[in-house]
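Heads up, the thing below is written out as structure tokens.
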């Protein structure tokens, strides 16, 4: 099993292994982000804890800035309430 949020928030850089897990998942799944939602949620949970502990002025390369993180978490919650666990955007269809 993966590293806990408690452990990854203490890494340098914080949450790095959670960000890498997303990259690995996306590559393994043919760049289909919808198959990596658990890894994305894990990164957001780590980043949320990081900012709670370090303050909203803290920075780590693995996490979006606090305002963007808040927006992403809100959007993901809304998507889950609608029953859609996929990505928040849809790629345009190619002709």
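Residue numbers (the working numbering): 73 to 167. Every residue gets a Cβ at the ideal spot worked out from N, C-alpha and C, and that includes glycine. Keep in mind that this is a model prediction, so the values were computed, not measured.
By Cβ distance, which residues of its chain are closer than 6 Å to residue i, with the 5 residues on each side in sequence left out?
i: residue 120; result: none
i: residue 123; result: 138
Measuring straight from C-alpha to C-alpha, what distance separates residue i and residue j?
i: residue 82; j: residue 127; result: 14 Å
i: residue 141; j: residue 87; result: 13 Å
i: residue 93; j: residue 113; result: 11 Å
i: residue 153; j: residue 117; result: 18 Å
i: residue 100; j: residue 134; result: 20 Å
i: residue 79; j: residue 85; result: 12 Å
i: residue 102; j: residue 147; result: 24 Å
i: residue 111; j: residue 155; result: 18 Å
Hey, would you say residue i sits closer than 9 Å to residue j, going by beta carbons?
i: residue 115; j: residue 90; result: yes
i: residue 125; j: residue 136; result: no
With residue i as the anchor, note down where its alpha helix (DSSP H) starts and where it stops.
i: residue 109; result: 109-126
i: residue 132; result: Here residue 132 belongs to no alpha helix (DSSP H), and DSSP marks it neither H nor E.
i: residue 142; result: 138-153
i: residue 81; result: Counting along the chain, residue 81 falls outside any alpha helix (DSSP H), and DSSP gives it neither H nor E.
i: residue 91; result: 88-100
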